[in-house]
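Chains as they are written, first to last, in the UniProt record's numbering: chain A, 1 to 245; chain B, 1 to 245.
Glycine included, every Cβ here is placed at the ideal spot set by N, Cα and C.
There are 2 protein chains.
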Amino acid sequence: MADSPRRTGRPRSAAADRAILDATRSALVDLGWGRLTMGDVALRAGVAKTTLYRRWSNKSELVVDAVAVLFDELELPDRGSLRADVEGVVLSFAELLERPETRTALMAVVAEATRDEALRARIRTAIVERQKHLVVEGRRRAQARGELPPDPPGPEGAAEAARAVDLVFDVIAGAVVHRCLVSAARVTPRWARSLTALLLHGLAATSPGRGPRPSGQTAAPLLPPRGAAGGTGPDGGVQKPAGSV
Amino acid sequence: MADSPRRTGRPRSAAADRAILDATRSALVDLGWGRLTMGDVALRAGVAKTTLYRRWSNKSELVVDAVAVLFDELELPDRGSLRADVEGVVLSFAELLERPETRTALMAVVAEATRDEALRARIRTAIVERQKHLVVEGRRRAQARGELPPDPPGPEGAAEAARAVDLVFDVIAGAVVHRCLVSAARVTPRWARSLTALLLHGLAATSPGRGPRPSGQTAAPLLPPRGAAGGTGPDGGVQKPAGSV
DNA sequence: GTCTTTCGCTACGGCTCGTAGCGTAACTCA
DNA sequence: TGAGTTACGCTACGAGCCGTAGCGAAAGAC
């Protein structure tokens, strides 16, 4: 883990590292998390069990490292529009989650992490933060194209932009993960289109039937007055102040 | 599980059932999924280990049953507007996920289910489908208020509506779950407001700083073109018609 | 060549799983 | 009331995995 420069003695076998990580992914596919044993991984990797424990102190950490690299294949080529970029990344993320080792491992590790702060931190840095650049990049491009408003100036503007990135990341990744792993349904191109439409245009776009449009009132002004947190919503509705919850 | 009416012999103790499920939730909080053992649950419940195995054949099924009821407390009181309804359900779902037994159990069970079709089905019926009525209800109300367009007529319209419900459910639940359990961040009222704004108005609303609005183009009219489903939208934006859902 | 570290191998105590067998408790039906 | 049936608590067991220790050998650094 720590790349402490070992000066003397027999160096650790890089081949063993690779073999172990490969074996871990393979065992994950065949056995799932619950039935995956360290002994079996060692056997598959052609390595002694003790060698595993010399590198990773437990199953969780081994699996995090084995899986994290899988997410690195996610990319965000410029597809020309925000819409296309979102749709593309949704589809490639879903494709990644279709693969047995990814879905099994991701959920298992996240589950284990609910009780393990160190593991949670490892996931955050090894996977979440590492992939967040996709949102940053897509957002930057959209702003350059004029599809999204520029960030407000000043430090508070930057903080707000960071929050927006976090939000969008959670929404997109969360929707795909939930669809794949909880609802246990496939991410089809049609679904990706729907999700993208929802993200771009809001809920009103999700049932876009050619049905007649009521009147203008649903098309509330796009931007809620942010300043007034507890103010009366601009929705034209009867609701209590949104901040009351 | 099956309520096969047992006619004769000593009946199963309902008190034991309750004690076991309570003990399961309690053990989940203290130990997490990985360290939870059947023996420990039996001990906490004041019950013999064999009694557990007479009712549930393995840990996963026990935990699903122990946790499913927790989600039933989710409700959707009419808060007067779509905005308030969404925000309310996001916050109460998040509150539910803050509780250790819920978060631990949900993820663990979902993780286990990635390798177990039967368990996946159990989760779908015991949790997902059971809670989807929240979306159906909120949507129906919003349509009645004129905040969302009505469903298109005919069977195809119904299918489209069902897809919309599934999508919204995955997006909302997914975002909250991802935020809580993967990103390991708290769901604050502010975050709930931002998510709601995104859902209602689309991405352009996520960085709504009071900064100057460029021109009209980002604040595209909320509602996609009336009549023409596939027509070129008057959105003034760059995107293709939203009606392709 | 010597020193240091890793390697594969074997063995071990400790823990959990899931099952079996026993005698007893609780309830139904005649 | 008594016989039959089922659930109960308890104990014990084989099997499997975990994580560690100790060994001699291999592989580089100096």
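Within the same chain, Cβ atoms closer than 7 Å to the Cβ of V136 (chain A) are found at V165, the five residues on either side in sequence being excluded.
Contact of W56 (chain B) with chain A by beta-carbon distance below 7 Å is absent, the smallest such distance being about 16 Å. By the C-beta density criterion, R179 (chain B) is buried, having at least 16 other C-beta atoms within 10 angstroms. Burial check for H201 (chain B): the Cβ neighbour count within 10 Å reaches 16 or more, so the residue is buried. For G46 (chain B), the closest alpha carbon among the candidates B:A15, B:A159, B:W191, B:L97 is that of B:A15.
The beta carbons of L106 (chain B) and S194 (chain A) sit about 25 Å from each other, so the pair does not count as a contact at 8 Å.
Taking a contact as a CB-CB distance under 8 Å, the pair S183 (chain A) and D65 (chain B) does not count as one, their CB atoms being some 20 Å apart. DSSP places W33 (chain A) inside the alpha helix (DSSP H), whose first and last residues are 14-35.
Per DSSP, the unbroken alpha helix (DSSP H) holding T50 (chain A) starts and ends at 49-55.
As the crow flies, the alpha-carbon of G138 (chain B) is around 29 Å from that of A111 (chain B). Rounded to the nearest angstrom, the gap between the Cα atoms of D72 (chain A) and E101 (chain A) is 15 Å.
W191 (chain A) and T114 (chain B) have their C-alpha atoms roughly 21 Å apart. Sequence-ordered contacts of the UniProt DNA-binding region "H-T-H motif" (37-56) of chain B with chain A are nonexistent [C-beta pairs closer than 9 Å]. A straight-line Cα-Cα distance of about 55 Å links P152 (chain B) and K49 (chain B). When DSSP states are grouped into helix, strand and coil, K132 (chain B) belongs to the coil group. Contact residues of the region 100-111 of chain A toward chain B are R103, T104, M107, A108, V110, A111 (C-beta to C-beta distance below 7 Å).
When C-beta distances to chain B are compared with 8 Å, the residues of the region 157-188 of chain A below that value are G157, E160, A161, R163, A164, D166, L167, V168, F169, D170, V171, A173, G174, A175, V176, V177, H178, R179, L181, V182, S183, A184, A185, in chain order.
When only Cα atoms are considered, G39 (chain B) and T104 (chain B) end up about 19 Å apart. Here E87 (chain A) carries a helix assignment [DSSP, helix/strand/coil]. For the region 133-146 of chain A, the set of positions with a beta-carbon nearer than 9 Å to some beta-carbon of chain B reads R139, A142, Q143, R145, G146 in chain order. Taking a C-beta distance under 7 Å as the contact criterion, R83 (chain B) and T188 (chain B) do not qualify as a contact pair.
Interface annotation, L199 (chain A): in contact with chain B, CB-CB separation under 7 Å. Cβ neighbours of V89 (chain B) within its own chain (closer than 8 Å, five residues either side excluded): L74, L76, L134, G138, I172. In the structure shown, the three-state DSSP call for A204 (chain B) is helix. In terms of beta-carbon proximity, T114 (chain B) lines the interface with chain A, with at least one pair separated by less than 7 Å. Taking 7 Å as the cut-off, the Cβ atoms of A94 (chain B) and V176 (chain B) count as close. For V187 (chain B), the three-state secondary structure derived from DSSP is coil. Contacts between G34 (chain B) and chain A, judged by CB atoms closer than 8 Å, involve E112, R115 in chain order. Among the residues facing chain B, V128 (chain A) is included, as its CB has a counterpart in that chain under 7 Å away. Around the beta-carbon of T125 (chain A), fewer than 16 other beta-carbon atoms lie within 10 Å, marking it exposed. The straight-line gap separating the alpha-carbon atoms of R10 (chain B) and L203 (chain A) is approximately 55 Å. From the beta-carbon of R124 (chain A), the residues of chain B found nearer than 8 Å are S183, A184.
Burial is judged here by how many other beta carbons sit within 10 angstroms of a residue's own beta carbon; T37 (chain B) has fewer than 16 and is exposed. Considering only B:V67, B:A144, B:R163, B:R120, the residue with the shortest C-alpha distance to R25 (chain B) is B:V67.
With contacts defined as CB atoms closer than 7 Å, A19 (chain B) and V41 (chain B) fail to qualify as a contacting pair. For R120 (chain A), the residues of chain B that pass the 8 Å Cβ criterion are A184, in the order they occur in the chain.
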